[in-house]
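Colleague: Following this message is one structure expressed as structure tokens.
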Amino acid sequence: MAKIVSIFNNKGGVGKSTICWNLSDALARLGKRVLLIDFDPQCNLSIAVLGESVFVNTLPTQNVPYGTTIRSFLQRFLQNTGGEELFLHRGIHTHPNVAVVAGDFWLNVYADSLNVGSDLLSGTGLSRYVALRRIVEKAEKEEGENFDFVFIDLPPSFGALVRAAFYSSDYYIVPCTSDNFSVYCVGLIGQMVPSFIRDWQSGLARFTESNPHFSEFNNLGQPIFAGWIFNGFDTARRRRTSDEIAAGAPLGEKEMNQADETMHDRIAEAVQDDLVDVIGRQITAYNSIANVPTENFRIGDVEDANVLIQNSLWLNVPLGQLEHHKQVVSLRDRSKWADNQIEQIRLFRQKFEETARLVEQICI
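If you're matching positions, the sequence shown starts at 1 in full-length UniProt numbering and goes up one per residue.
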């Protein structure tokens, strides 16, 4: 079965959907088969990959009452009526090795149906919390072959949807932006994940007492921290000295600006002290930290995309593939990319490929 990876931060605006999409496209271009599950009622990932008009056509209609979103599976699963259907979509400009389970605002209803006390802690409703595993199994059956990776895009909260994703996931990755809130939220994740795991283990123990021969849930509820991604920072080229300019030296390399570098170091410190060290101490039932072969557990760095992200979302084209498409004229009053924009597009492609290769190495 595929490795299931949640992309999560309880802070909004850190680029979860963008990273899900671009990382999956990068992995697909390395020959991997990837499933995206939009588990956020806002459905930003679905709209980015499929486009607004295509996404609207996935929603329920009179003739298709459950639509072709995640609801078509989960509502029947929740109501125990049988006949669960799963529809896999593909973005016209995203690599065809990437399939998408479209999100739905109805996920709020699903979240409300999940009760920590009566479903989780009592052990009587564990299957509701790991329905995403069923979705992956169904998707692989529909495709006729296994996926290599599944990425789950999540809402910015610690609510029921996030719990359900974590209990189904093998790994989780935390995107962060250059601000104090990211530092704070890293610490919150360090507090909440051990609590999630304790609740799962409590419910699993009660379930096992009544069902000693049922082992399907035994290896679930064990998500592993697989690193963080620094996203949305600013860069500038190193200034040349007057002698270098006179000698015709090329432009300096791009460097992270000082303010963002300072914030990066604060986040890296928080990841070590408030996340890694905390979950390492508090989660003892399994190894909750992946073997990340980088400094400070950082597995990616993606600078601010500025107008490129607007074009990416408008055109439904991954950032690293934008040079093969014309720029949206209404965004910049020209259709041709400038040389510096092409350079940045290629840098995005390189950066997401680097992160993709690390994910291949870490999430095994």
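A virtual CB, placed ideally from N, CA and C, is assigned to each residue, including glycine.
With contact counted as at least three CB pairs below 8 Å, one residue from each stretch, are the segment 269-284 and the segment 336-348 in contact?
Modeller: With a cut-off of 8 Å, the segment 336-348 and the segment 269-284 do not count as touching, because too few Cβ pairs lie within range.
Colleague: Roughly how many angstroms separate the alpha carbons of G227 and I4, rounded to a whole number?
Modeller: Within the sequence shown, residue 227 is the residue found at index 227, counting from 1. Within the sequence shown, residue 4 is the residue found at index 4, counting from 1. Approximately 14 Å, taken between the alpha carbons.
Colleague: Between the alpha carbons of V271 and V186, how many angstroms are there, rounded?
Modeller: Along the sequence shown, one-based indexing puts residue 271 at 271. Along the sequence shown, one-based indexing puts residue 186 at 186. Cα to Cα, V271 sits roughly 6 Å from V186.
Colleague: Where does S17 sit, in a helix, a strand or coil, going by DSSP?
Modeller: Residue mapping note: residue 17 aligns to position 17 of the sequence shown, counting from 1. Note: S17 maps to helix in three-state DSSP.
Colleague: Alpha carbon to alpha carbon, what distance is there between V136 and D265?
Modeller: Your numbering for residue 265 matches position 265 in the sequence shown. Your numbering for residue 136 matches position 136 in the sequence shown. When rounded, the distance between both Cα atoms is 37 Å.
Colleague: Looking at the secondary structure, which residues open and close the alpha helix (DSSP H) in which C185 lies?
Modeller: As a working note, residue 185 is residue 185 in the sequence shown. Note, C185: alpha helix (DSSP H), N180 to S210.
Colleague: Using a 10 Å radius around the Cβ and a threshold of 16 neighbouring Cβ atoms, would you call K32 buried or exposed?
Modeller: Looking up residue 32 in the sequence shown gives position 32. By the 10 Å Cβ count, K32 comes out buried.
Colleague: Who are the near neighbours of S46 in its chain, counting only those whose CB is closer than 6 Å to its CB and skipping five residues on each side?
Modeller: For this step, residue 46 is matched to residue 46 along the sequence shown. Around S46: D38, F55, A102 and G103.
Colleague: Which whole-angstrom value is the C-beta distance of V302 and I197, which I expect to be below 8 Å?
Modeller: Position 302 of the sequence shown, counted from the first residue, corresponds to residue 302. Position 197 of the sequence shown, counted from the first residue, corresponds to residue 197. Not confirmed; about 29 Å, so no contact.
Colleague: Could you give the distance in angstroms between the alpha-carbon of V150 and the alpha-carbon of G320?
Modeller: Along the sequence shown, read from residue 1 onward, the residue named residue 150 stands at position 150. Along the sequence shown, read from residue 1 onward, the residue named residue 320 stands at position 320. Rounded to the nearest angstrom, the two C-alpha atoms are 20 Å apart.
Colleague: Should the segment 105-113 be called in touch with the segment 192-209, which here means at least 3 C-beta pairs below 8 Å?
Modeller: Contact fails: fewer than three Cβ-Cβ distances are below 8 Å.
Colleague: If contact is defined by three or more beta carbon pairs under 8 Å, each pair taking one atom from either stretch, is the segment 78-91 in contact with the segment 55-68?
Modeller: Touching, per the Cβ criterion.
Colleague: In the DSSP assignment, find the unbroken beta strand (DSSP E) run with R266 in it and report its ends.
Modeller: As a working mapping, residue 266 is identified with position 266 in the sequence shown. Here R266 belongs to no beta strand (DSSP E); instead the alpha helix (DSSP H) covers Q258 to A270.
Colleague: Measure the alpha-carbon distance for N115 versus A160 and round it to whole angstroms.
Modeller: Counting from one through the sequence shown, the residue named residue 115 turns up at place 115. Counting from one through the sequence shown, the residue named residue 160 turns up at place 160. Going by the C-alpha atoms only, they are around 8 Å apart.
Colleague: Using DSSP with H/G/I as helix, E/B as strand and the rest coil, what is I299?
Modeller: In the sequence shown, the residue the question calls residue 299 occupies position 299. If DSSP states are grouped into helix, strand and coil, I299 belongs with the strands.
Colleague: Closer than 6 Å by C-beta to L313: which residues in its own chain qualify, once you throw out the five before and the five after it? Chain order, please.
Modeller: Sequence index remark: in the sequence shown, residue 313 carries index 313 (1-based). If we look at L313 and ignore the five residues flanking it on each side, its Cβ neighbours are A48.
Colleague: W314 lies in the alpha helix (DSSP H); which residues open and close that run?
Modeller: Working through the sequence shown from its first residue, we reach residue 314 at position 314. Here the alpha helix (DSSP H) through W314 covers V307 to L315.
Colleague: One question on the structure: do T235 and M263 come within less than 8 Å of each other, judged by their Cβ atoms?
Modeller: Against the sequence shown, residue 235 aligns to sequence position 235. Against the sequence shown, residue 263 aligns to sequence position 263. Going by C-beta atoms, T235 is not nearer than 8 Å to M263.
Colleague: Could you spell out where the alpha helix (DSSP H) holding G280 opens and where it closes?
Modeller: Counting from 1 along the sequence shown, the entry for residue 280 is found at position 280. From DSSP, the alpha helix (DSSP H) with G280 extends over D277 to Q282.
Colleague: Could you have a look at V174 and say whether DSSP puts it in helix, strand or coil?
Modeller: Here residue 174 corresponds to residue number 174 of the sequence shown, with the count starting at 1. In this structure, V174 counts as strand in the three-state DSSP scheme.
Colleague: Judging by CA-CA distance, which residue of V174, A139, K254 and V328 is the nearest neighbour of V276?
Modeller: Along the sequence shown, read from residue 1 onward, the residue named residue 276 stands at position 276. Among V174, A139, K254 and V328, the Cα nearest to that of V276 belongs to V174.
Colleague: Looking only at DSSP bridge pairs, what is D153 linked to?
Modeller: Taking the first residue of the sequence shown as 1, we reach residue 153 at position 153. D153 is bridged to I7 and D38.
Colleague: What's the call for Q350, buried or exposed, on a 16-neighbour Cβ count within 10 Å?
Modeller: Here residue 350 refers to the residue found at position 350 of the sequence shown. Classification for Q350: exposed.
Colleague: Inspect the beta-carbon positions of N316 and H93 and report whether they are closer than 8 Å.
Modeller: Position 316 of the sequence shown, counting from 1, holds the residue named residue 316. Position 93 of the sequence shown, counting from 1, holds the residue named residue 93. Their beta carbons are under 8 Å apart, which means N316 touches H93 by this criterion.
Colleague: Please classify A290 as buried or exposed, where buried requires at least 16 other C-beta atoms within 10 Å of its C-beta.
Modeller: Residue numbering aside, residue 290 sits at position 290 when the sequence shown is read from its first letter. Result: buried.
Colleague: Under 8 Å Cβ to Cβ from R76, same chain only, skipping five residues before and after it: list those, please.
Modeller: Within the sequence shown, the letter at position 76 stands for residue 76. The residues are Y66, G82, G83, E84 and E85.
Colleague: Note down, in chain order, each residue of its chain lying with its Cβ closer than 6 Å to the Cβ of V162, except the 5 sequence neighbours on either side.
Modeller: Taking the first residue of the sequence shown as position 1, residue 162 is located at position 162. Counting only Cβ-Cβ distances below 6 Å, and skipping sequence neighbours, we find L154.
Colleague: According to the neighbour-count rule (16 or more other Cβ atoms, all chains shown, within 10 Å of its Cβ), is residue 406 buried or exposed?
Modeller: Outside the modelled stretch of the chain, which goes from 1 to 364, sits residue 406, for which no answer is possible.
Colleague: Between the alpha carbons of K326 and P96, how many angstroms are there, rounded?
Modeller: If you number the sequence shown from 1, residue 326 lands on position 326. If you number the sequence shown from 1, residue 96 lands on position 96. Each residue's Cα considered, the two are about 21 Å apart.
Colleague: Classify T177 as buried or exposed, calling it buried when 16 or more other Cβ atoms lie within 10 Å of its own Cβ.
Modeller: Within the sequence shown, numbered from 1, the residue matching residue 177 stands at position 177. Flag for T177 reads buried.
Colleague: Terminal residues of the continuous alpha helix (DSSP H) containing A139?
Modeller: On the sequence shown, residue 139 is found 139 positions in, with the first residue counted as 1. Taken as a continuous stretch (DSSP letters only), the alpha helix (DSSP H) holding A139 covers A131 to E143.
Colleague: How close, in whole Å, do the beta carbons of L23 and F352 come, if the pair is a contact with beta carbons under 8 Å?
Modeller: Translated into positions along the sequence shown, residue 23 becomes position 23. Translated into positions along the sequence shown, residue 352 becomes position 352. L23 to F352, Cβ: 6 Å. Contact.
Colleague: V100 bridges to which residues according to DSSP?
Modeller: Against the sequence shown, residue 100 aligns to sequence position 100. V100 is bridged to L36 and H89.
Colleague: Tell me the residue span of the alpha helix (DSSP H) that contains F166.
Modeller: Within the sequence shown, the letter at position 166 stands for residue 166. Where F166 is concerned, the enclosing alpha helix (DSSP H) stretches over A160 to S168.
Colleague: Which partner residues does F233 have in the DSSP bridge list?
Modeller: Taking the sequence shown and counting its residues from 1, the one referred to as residue 233 is at position 233. According to DSSP, which records beta bridges pairwise, F233 is partnered with E303.
Colleague: Please state if the CB of F233 and the CB of D148 are separated by a distance shorter than 8 Å.
Modeller: For the purposes of this step, residue 148 is identified with residue 148 of the sequence shown, where counting begins at 1. For the purposes of this step, residue 233 is identified with residue 233 of the sequence shown, where counting begins at 1. No; because the gap between Cβ atoms is not below 8 Å, this pair is not in contact.
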